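In UniProt numbering, the protein residues as written are 1 to 384.
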């Protein structure tokens with residue numbers, strides 16, 4: 001297989017068929033930046049319009065500003081976080097928590113961040129109400145996740161279809177549609193295009209190229225590491241590898257990621273050709289900072305999945321549409337997949353990539369990652 005497609009040139013929005021997607025992504029990117037800065041955004045959905053702050057970056061001043069906009073500000077938590085707190089044991093969708101006595105930073109942090117005080121009492125709660133995951137409040141939590149913050153938001157409902165002229169926050173709050181937030185990951189994956197390619201000889205695999213793929217908003221990039229010249233008419237030996245700063249770069253013993261990365265490249269080199277996709281999905285999709293928070297919780301006795309739950313995340317937040325899109329652009333539709341994770345096999349199948357063989361990818365555990373690997377086998381169905 002030879003990929004001679006040119007890099008995507010610069011083009012005007014009028015000439016770009018991805019212009020609408022690019023504008024959607026750019027709007028959500030702006031919203032992500034606002035949340036990370038501690039600013040509020042407005043989100044409009046079928047269930048109404050609200051002003052939202054990321055719980056993690058809320059301050060006394062921003063909470064006071066939010067409370068001045070409407071009655072009964074609420075804290076929005078994922079169903080997973082509400083469940084571990086005992087607020088809604090069977091919750092599968094987000095919940096809205098109304099606090100007695102109004103909002104304060106300490107109470108919000110206690111609800112959103114398990115790393116602060118696992119054993120402390122919860123703040124006084126007036127009500128816990130389930131909400132739709134695809135509404136404006138649910139989208140606020142998704143936006144916090146996309147910003148790689150704790151998955152919790154503080155919201156206040158706003159009246160009317162748009163900010164009143166007298167609303168002091170109107171000129172400052174960036175406006176988003178809930179549907180744009182919920183479509184963001186799919187739109188980003190569909191808009192991936194190759195933007196760079198270079199020969200990068202590797203130890204043991206000198207005939208290697210690295211291709212960089214970037215979505216139309218200039219956002220998160222993924223890499224395809226191509227060893228040799230894979231024949232796309234045959235099933236291509238392929239590895240989907242989620243980036244792991246601690247394991248891949250630092251050699252962390254808490255996971256097997258470094259072993260899997262280097263082992264996959266060795267296996268592909270021994271095969272003579274193949275592809276490793278290096279995907280920007282640190283910490284099973286929760287980001288490096290949240291992964292370090294999960295490690296802190298693991299040191300307190302939680303396993304890798306329960307630590308995610310304590311933070312409010314699902315066991316695995318990754319999507320594999322970016323991987324499938326890159327494989328399609330490389331002309332690969334059938335793979336022999338280096339993985340122990342049957343969910344990767346299923347995910348590629350859903351995106352029209354046929355896995356003709358699952359190739360085991362197993363390495364010796366060490367005292368630091370043994371429990372992690374056992375948990376993945378027992379609770380996530382990994383095959384070792």
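The beta-carbon is built from N, C-alpha and C at its ideal position, and this holds for glycine as well. Predicted, not measured: the structure shown is a model, and the values here were computed from it.
Helix, strand or coil: how does DSSP classify residue i here?
{"i": "residue 63", "result": "helix"}
{"i": "residue 220", "result": "coil"}
{"i": "residue 79", "result": "helix"}
{"i": "residue 379", "result": "helix"}
{"i": "residue 102", "result": "coil"}
{"i": "residue 48", "result": "strand"}
{"i": "residue 116", "result": "coil"}
{"i": "residue 1", "result": "Low per-residue confidence applies at residue 1: pLDDT is 47, beneath 50, and the placement is therefore not dependable enough to give any value."}
{"i": "residue 384", "result": "coil"}
{"i": "residue 254", "result": "coil"}
{"i": "residue 152", "result": "strand"}
{"i": "residue 96", "result": "strand"}
{"i": "residue 12", "result": "Model confidence at residue 12 stands at a pLDDT of 42, short of 50, so the residue's coordinates are unreliable and nothing is read from them."}
{"i": "residue 283", "result": "helix"}
{"i": "residue 68", "result": "coil"}
{"i": "residue 231", "result": "coil"}
{"i": "residue 133", "result": "coil"}
{"i": "residue 111", "result": "helix"}
{"i": "residue 122", "result": "coil"}
Give me whichever residues DSSP pairs with residue i in a beta bridge.
{"i": "residue 197", "result": "211"}
{"i": "residue 278", "result": "223, 241"}
{"i": "residue 204", "result": "None, per the DSSP bridge assignment."}
{"i": "residue 158", "result": "49"}
{"i": "residue 42", "result": "51, 175"}
{"i": "residue 74", "result": "155"}
{"i": "residue 236", "result": "335"}
Quick one: give me the first and last residue of the beta strand (DSSP E) that residue i is part of.
{"i": "residue 129", "result": "125 to 130"}
{"i": "residue 35", "result": "Per DSSP, residue 35 belongs to no beta strand (DSSP E); it is in the alpha helix (DSSP H), 19 to 37."}
{"i": "residue 55", "result": "It is not in any beta strand (DSSP E) - residue 55 carries neither H nor E in the DSSP assignment."}
{"i": "residue 264", "result": "Careful: residue 264 lies outside any beta strand (DSSP E), inside the alpha helix (DSSP H) at 257 to 271."}
Is there at least one Cβ from chain D nearer than 8 Å to residue i's Cβ?
{"i": "residue 200", "result": "Reference to chain D is not applicable here, since this structure consists of a single protein chain."}
Tell me whether residue i is buried or exposed, calling it buried when 16 or more other Cβ atoms sit within 10 Å of its Cβ.
{"i": "residue 154", "result": "buried"}
{"i": "residue 73", "result": "buried"}
{"i": "residue 100", "result": "exposed"}
{"i": "residue 144", "result": "buried"}
{"i": "residue 260", "result": "buried"}
{"i": "residue 384", "result": "exposed"}
{"i": "residue 92", "result": "exposed"}
{"i": "residue 299", "result": "exposed"}
{"i": "residue 121", "result": "exposed"}
{"i": "residue 322", "result": "buried"}
{"i": "residue 159", "result": "exposed"}
{"i": "residue 249", "result": "exposed"}
{"i": "residue 318", "result": "buried"}
{"i": "residue 234", "result": "exposed"}
{"i": "residue 283", "result": "buried"}
{"i": "residue 199", "result": "exposed"}
{"i": "residue 41", "result": "buried"}
{"i": "residue 293", "result": "buried"}
{"i": "residue 95", "result": "buried"}
{"i": "residue 138", "result": "buried"}
{"i": "residue 364", "result": "exposed"}
{"i": "residue 368", "result": "exposed"}
{"i": "residue 61", "result": "exposed"}
{"i": "residue 228", "result": "buried"}
{"i": "residue 378", "result": "exposed"}
Where does the unbroken alpha helix (DSSP H) through residue i begin, and where does it stop?
{"i": "residue 87", "result": "From DSSP, residue 87 is part of no alpha helix (DSSP H); its letter is neither H nor E."}
{"i": "residue 191", "result": "Per DSSP, residue 191 belongs to no alpha helix (DSSP H) and is neither H nor E."}
{"i": "residue 144", "result": "136 to 146"}
Whole runs of the alpha helix (DSSP H) within the stretch 296 to 376, excluding any shorter than 4 residues = 304 to 311, 321 to 329, 342 to 350
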